[in-house]
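Trainee: Everything in the sequence shown is counted per my numbering, starting at 3 for the first residue and increasing by one.
We treat Cβ as the ideally placed atom computed from N, Cα and C, and that holds for glycine.
From a predicted model like this one, the values you see are computed outputs, not experimental measurements.
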Amino acid sequence: MKRPVQRGASHAPFSLQSLLLRIIPVMLACASVPAAAAENDVQLSKSYAGQIHPLLVKTCGKCHGKTPKDNDLDLAGLSTAESLFAKPAVLADVAGRLLDGDMPPRKATQPTQAEREQLLNWVQSALDFTASAKAGDPGPVTLRRLTNNQYDNAIRDLTGVDMRPTLAGAFPPDSVGGEGFANVGEAMPMNPGLVERYHDAARYVAARAVLLPTGLRFSPSPERPDWTAEAEEALRGFHSRHAGAKGEPPLEKHLAATLKHRERLLRGGPAEIAAVAAEERLNTTYLATLWTGLSAPLGALPAAEIEALTKEWQQKTAQAEGEKQRKQAVIQSARRNIDSHWTSSKRLLAQSKVVEGGSVPFEQKVTVQPGELLLLSVLPNESYGADSTLLEWSIRETGGEQRKWNISDLVPNLLKGNPWLDMHEARWSFLETTSTPTFLTDRRVGISGRPELKSWSLGSEPSVFVNSASEDARVWTKLRARSVFVHPGPKRPVSIAWTSPIAGELVLTGLVADAHPGGGDGVSFELTHLAAPELG
3 MKRPVQRGAS HAPFSLQSLL LRIIPVMLAC ASVPAAAAEN DVQLSKSYAG QIHPLLVKTC
63 GKCHGKTPKD NDLDLAGLST AESLFAKPAV LADVAGRLLD GDMPPRKATQ PTQAEREQLL
123 NWVQSALDFT ASAKAGDPGP VTLRRLTNNQ YDNAIRDLTG VDMRPTLAGA FPPDSVGGEG
183 FANVGEAMPM NPGLVERYHD AARYVAARAV LLPTGLRFSP SPERPDWTAE AEEALRGFHS
243 RHAGAKGEPP LEKHLAATLK HRERLLRGGP AEIAAVAAEE RLNTTYLATL WTGLSAPLGA
303 LPAAEIEALT KEWQQKTAQA EGEKQRKQAV IQSARRNIDS HWTSSKRLLA QSKVVEGGSV
363 PFEQKVTVQP GELLLLSVLP NESYGADSTL LEWSIRETGG EQRKWNISDL VPNLLKGNPW
423 LDMHEARWSF LETTSTPTFL TDRRVGISGR PELKSWSLGS EPSVFVNSAS EDARVWTKLR
483 ARSVFVHPGP KRPVSIAWTS PIAGELVLTG LVADAHPGGG DGVSFELTHL AAPELG
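#1: Between the C-alpha atoms of residue 156 and residue 134, what's the straight-line distance to the nearest angstrom?
#2: Can you tell me which of the three DSSP states residue 23 falls into?
#3: If we ignore side chains and look at the alpha-carbon of each, how far apart do residue 469 and residue 222 end up?
#4: Taking only three categories from DSSP, how would you classify residue 529?
#5: Starting from residue 444, follow its DSSP beta bridges and name the residues at the other end.
#6: Mind reading off the beta-carbon distance from residue 146 to residue 190? Whole number of angstroms is fine, and I expect it under 8 angstroms.
#7: For residue 335, is the classification buried or exposed, using 16 other Cβ atoms within 10 angstroms of its Cβ as the cut-off for buried?
#8: So, helix, strand or coil for residue 478, using DSSP?
#9: Just checking my contact of residue 97 with residue 126 at CB under 8 angstroms: how many whole Å lie between their CB atoms?
#10: Which full runs of the beta strand (DSSP E) of 3+ residues lie inside the segment 361-406, going along the chain?
#11: Would you give the residue range spanned by the beta strand (DSSP E) that residue 429 belongs to?
#12: So does the segment 365-379 actually touch the segment 452-470, counting three or more Cβ pairs closer than 8 angstroms?
#13: Assuming residue 90 contacts residue 61 (C-beta within less than 8 angstroms), just tell me the rounded distance between them.
#14: Between residue 158 and the rest of its own chain, which residues show a CB-CB distance below 6 angstroms, the 5 nearest in sequence each way excluded?
#15: Hey, could you find the ends of the alpha helix (DSSP H) residue 540 is sitting in?
#16: So the candidates are 393, 272, 379; which of them puts its Cα closest to the Cα of residue 531?
#17: Assuming residue 526 contacts residue 392 under a Cβ cut-off of 8 angstroms, what Cβ separation, rounded to an integer in Å, is found between them?
#18: State the CB to CB distance for the pair residue 528 and residue 237, rounded to an integer number of angstroms; the pair is presumed to be in contact (CB under 8 angstroms).
#19: Out of 507, 490, 480, 502, which has the shortest C-alpha to C-alpha gap to residue 518?
#20: Cβ of residue 263 within 7 angstroms of Cβ of residue 390?
#21: Any idea what DSSP makes of residue 541, helix, strand or coil?
#22: Under 8 angstroms by Cβ, that's how I've got residue 510 and residue 365 pegged, so tell me the actual separation to the nearest angstrom.
#23: Quick one, are the C-beta atoms of residue 245 and residue 252 less than 7 angstroms apart?
#24: So what's residue 220 in DSSP terms, helix, strand or just coil?
#25: For the alpha helix (DSSP H) containing residue 292, name the first residue and the last one.
#26: With burial defined as no fewer than 16 other Cβ atoms inside 10 Å of the residue's Cβ, what is the status of residue 78: buried or exposed?
#27: Count the other CB atoms, across all protein chains shown, that sit within 10 Å of the CB of residue 278; report buried if there are 16 or more and exposed otherwise.
#28: With DSSP collapsed to three states, give me the class of residue 123.
#29: So, with DSSP's three-state summary, where would you put residue 77?
#30: Find out if the Cβ-Cβ distance for the pair residue 167, residue 206 is shorter than 7 angstroms.
#31: In chain order, what residues of the same chain lie with their CB nearer than 8 angstroms to the CB of residue 449, ignoring the 5 residues before and after it?
#32: From residue 424 to residue 430, what does the alpha carbon distance come to, in whole angstroms?
#33: Along the chain, where does the alpha helix (DSSP H) that runs through residue 238 open and close?
#34: Over the uninterrupted beta strand (DSSP E) stretch that includes residue 501, give me the two end residues.
#35: Output the distance between the C-alpha atoms of residue 291 and residue 275, rounded to the nearest integer angstrom.
#36: Quick check on residue 55: buried or exposed, where buried means 16 or more other Cβ atoms within 10 Å of its Cβ?
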């Protein structure tokens with residue numbers, strides 16, 4: 003009895019018979035290809051041994067026998083078809099010569115037309131056979147390494163950091179092939195010296211791997227203090243979005259918002275808290291916590307108590323506003339005092355122009371009192387050729403404790419404050435000095451995506467910045483490792499001020515150098531002494 007056909011079943015089981023009926027034709031079809039090839043091989047070999055080889059000896063053996071005349075091609079010595087199959091280039095050359103009538107030479111005995119056609123037909127069949135036998139074989143494949151740029155880009159994509167290991171490891175430039183391209187496999191050697199460079203590059207990258215509880219990340223720097231600084235900077239950046247200027251909780255703005263929008267918050271609940279936070283650019287979580295703490299669920303407190311709390315908020319807000327105005331008055335008074343002493347107390351110690359790509363050293367002696375300032379200023383020239391400028395500056399006490407200060411102390415400490423108090427109680431400040439001093443207030447980590455480049459600025463410039471890494475940074479120019487730089491703005495000088503903690507004689511030495519030659523007219527610098535302790 004036949005089993006009924008299951009129509010519509012998507013996974014009906016196969017019987018052994020039906021399975022064999024499906025598989026066997028496929029196997030036969032697959033087997034027919036090598037079988038046909040083997041049959042052609044036998045036929046070609048038989049015809050070669052019986053007809054073609056004797057014809058080759060007769061037609062070509064005089065010039066291409068055991069002692070070839072014009073070259074080392076011994077056609078007569080190729081006694082089997084397989085020996086000729088192994089030389090497809092020779093087969094193709096023979097076919098071309100026969101078709102063009104170049105061979106045999108015109109003065110030699112020529113084969114009959116039937117013999118020529120017999121040779122051509124066999125050679126063409128042999129070419130077809132060798133082509134079929136090697137179908138899918140691309141021939142020799144050149145193993146090609148990455149170019150220097152490709153390797154650097156691959157490391158950047160894998161780690162997220164633009165490390166440029168081939169620059170750091172001084173890889174040799176990529177060879178350029180005859181076509182003018184640097185990625186031609188045959189022109190890209192791999193020698194033991196280059197293998198060692200790759201090992202060095204691997205160590206260079208591995209040294210910048212920072213292990214984390216959840217995995218790892220990569221840093222532009224191999225120094226552990228820099229890793230810590232990067233993590234701290236990320237934390238500070240997160241905290242600063244929701245904190246005051248000195249990191250204090252943002253109570254004042256949130257408290258003022260609870261007063262300003264009190265009625266809305268009482269009526270609206272959590273949704274209104276989120277709306278108020280968005281309008282006032284406040285933190286929703288902090289505002290909700292503050293509101294919940296200062297207000298109670300409706301009816302939990304008597305109206306009089308709520309009114310008392312509201313009055314207390316208003317009083318505190320008024321007090322805060324009064325304190326703010328008092329501080330502004332103090333600041334304005336101090337500004338007037340600074341302005342009056344700034345120009346009257348200045349004494350020029352050294353000044354010079356610095357040509358494009360040039361450098362100018364300086365050395366001066368000066369006697370100071372506590373609170374007096376020494377100011378190293380870099381100014382743009384007429385055509386604003388101003389750009390990145392390298393500063394070296396050393397201050398040495400000739401008497402007393404013979405203490406020393408150096409501008410390089412700013413490299414790891416630049417972002418700790420403006421001004422920053424160093425270990426010998428001297429204060430370093432970073433200023434714009436167009437007319438009277440203005441502190442640079444924009445604090446930045448990661449110039450051009452490089453965390454080791456950190457700066458104080460007003461907008462984009464003027465700025466004071468450092469390369470805190472132990473290697474040179476190749477960005478818009480080559481920035482020397484562990485060095486201090488400045489960048490004046492158009493008609494906006496930039497200055498580094500040193501406030502003296504001592505009374506005595508000092509020796510000042512240093513250098514001002516153009517770090518980014520660009521065809522302009524360079525910069526100028528001034529070294530001045532401000533003999534006004536009030537400024538300190």
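Mentor: According to the structure data:
#1: Taking the sequence shown and counting its residues from 1, one reaches residue 156 at position 154. Taking the sequence shown and counting its residues from 1, one reaches residue 134 at position 132. Distance between the alpha carbons of residue 156 and residue 134: 40 angstroms.
#2: Taking the sequence shown and counting its residues from 1, the one referred to as residue 23 is at position 21. With a pLDDT of only 45 at residue 23, under the threshold of 50, the placement of this residue in the model should not be trusted; the figure read from the coordinates follows. In the structure shown, residue 23 sits in a helix (DSSP, three-state: H, G or I).
#3: Locating residue 469 in the sequence shown gives position 467, counting from the first residue. Locating residue 222 in the sequence shown gives position 220, counting from the first residue. Answer to the nearest angstrom: the Cα atoms are 11 angstroms apart.
#4: Taking the first residue of the sequence shown as position 1, residue 529 is located at position 527. Reduced to three states, the DSSP call for residue 529 is strand.
#5: Indexing the sequence shown from 1 puts residue 444 at position 442. Paired residue(s): 459.
#6: The count along the sequence shown starts at 1 and reaches residue 146 at position 144. The count along the sequence shown starts at 1 and reaches residue 190 at position 188. About 6 angstroms separates the two Cβ atoms, so the contact holds.
#7: The residue you call residue 335 lines up with position 333 of the sequence shown. With fewer than 16 Cβ atoms within 10 Å of its Cβ, residue 335 is classed as exposed.
#8: On the sequence shown, position 476 is the one that residue 478 refers to. Note: residue 478 maps to coil in three-state DSSP.
#9: Mapped onto the sequence shown, residue 97 falls at position 95. Mapped onto the sequence shown, residue 126 falls at position 124. The Cβ separation is near 6 angstroms, so the contact holds.
#10: 361-370, 375-382, 391-399
#11: As a position in the sequence shown, residue 429 is number 427, starting the count at 1. From DSSP, the beta strand (DSSP E) with residue 429 extends over 429-434.
#12: no
#13: Numbered from its first residue, the sequence shown carries residue 90 at position 88. Numbered from its first residue, the sequence shown carries residue 61 at position 59. Rounded, the Cβ-Cβ distance is 20 angstroms, inconsistent with contact.
#14: Here residue 158 is taken as the residue at index 156 of the sequence shown, counted from 1. 164.
#15: For residue 540 there is no data in the structure shown, the boundaries of the chain being 3 and 538.
#16: The count along the sequence shown starts at 1 and reaches residue 531 at position 529. Cα-wise, what sits closest to residue 531 is 379.
#17: Locating residue 526 in the sequence shown gives position 524, where the first residue counts as 1. Locating residue 392 in the sequence shown gives position 390, where the first residue counts as 1. About 15 angstroms; that fails the 8 angstroms criterion.
#18: As a working note, residue 528 is residue 526 in the sequence shown. As a working note, residue 237 is residue 235 in the sequence shown. The pair is not a contact, with the Cβ atoms about 39 angstroms apart (cut-off 8 angstroms).
#19: Within the sequence shown, the letter at position 516 stands for residue 518. Minimum Cα distance to residue 518 is reached at 480.
#20: Numbered from 1 along the sequence shown, position 261 holds the residue referred to as residue 263. Numbered from 1 along the sequence shown, position 388 holds the residue referred to as residue 390. Not in contact: residue 263 and residue 390 (Cβ atoms no closer than 7 angstroms).
#21: Not covered by the structure: residue 541. The range shown for the chain is 3 to 538.
#22: As a first step, residue 510 is located in the sequence shown; it is residue number 508 there, counting from the start. As a first step, residue 365 is located in the sequence shown; it is residue number 363 there, counting from the start. Indeed, because the Cβ distance is near 7 angstroms, the residues count as touching under 8 angstroms.
#23: Here residue 245 is taken as the residue at index 243 of the sequence shown, counted from 1. Here residue 252 is taken as the residue at index 250 of the sequence shown, counted from 1. Yes, they are a contact pair.
#24: One-based indexing of the sequence shown puts residue 220 at position 218. Strand, per DSSP.
#25: For the purposes of this step, residue 292 is taken as the residue at position 290 of the sequence shown. Per DSSP, residue 292 belongs to the alpha helix (DSSP H) from 286-296.
#26: Numbered from its first residue, the sequence shown carries residue 78 at position 76. By the neighbour-count rule (16 or more Cβ atoms within 10 Å), residue 78 is buried.
#27: Counted from its first residue, the sequence shown places residue 278 at position 276. Buried.
#28: What you label residue 123 is simply residue 121 of the sequence shown in a count that begins at 1. Looking at residue 123 - three-state DSSP - the assignment turns out to be helix.
#29: Counting from 1 along the sequence shown, the entry for residue 77 is found at position 75. Looking at residue 77 - three-state DSSP - the assignment turns out to be coil, as it is neither helix nor strand.
#30: If you number the sequence shown from 1, residue 167 lands on position 165. If you number the sequence shown from 1, residue 206 lands on position 204. Yes.
#31: Sequence index remark: in the sequence shown, residue 449 carries index 447 (1-based). The answer, listed in chain order, is 455, 456, 457, 467, 477.
#32: Residue numbering aside, residue 424 sits at position 422 when the sequence shown is read from its first letter. Residue numbering aside, residue 430 sits at position 428 when the sequence shown is read from its first letter. The straight-line gap from Cα to Cα measures roughly 8 angstroms.
#33: Translated into the one-based positions of the sequence shown, residue 238 becomes position 236. Per DSSP, residue 238 belongs to the alpha helix (DSSP H) from 226-242.
#34: Translated into the one-based positions of the sequence shown, residue 501 becomes position 499. From DSSP, the beta strand (DSSP E) with residue 501 extends over 496-501.
#35: For the purposes of this step, residue 291 is taken as the residue at position 289 of the sequence shown. For the purposes of this step, residue 275 is taken as the residue at position 273 of the sequence shown. C-alpha separation (whole angstroms): 10 angstroms.
#36: Taking the first residue of the sequence shown as 1, we reach residue 55 at position 53. It is buried - the Cβ of residue 55 has at least 16 other Cβ atoms within 10 Å.
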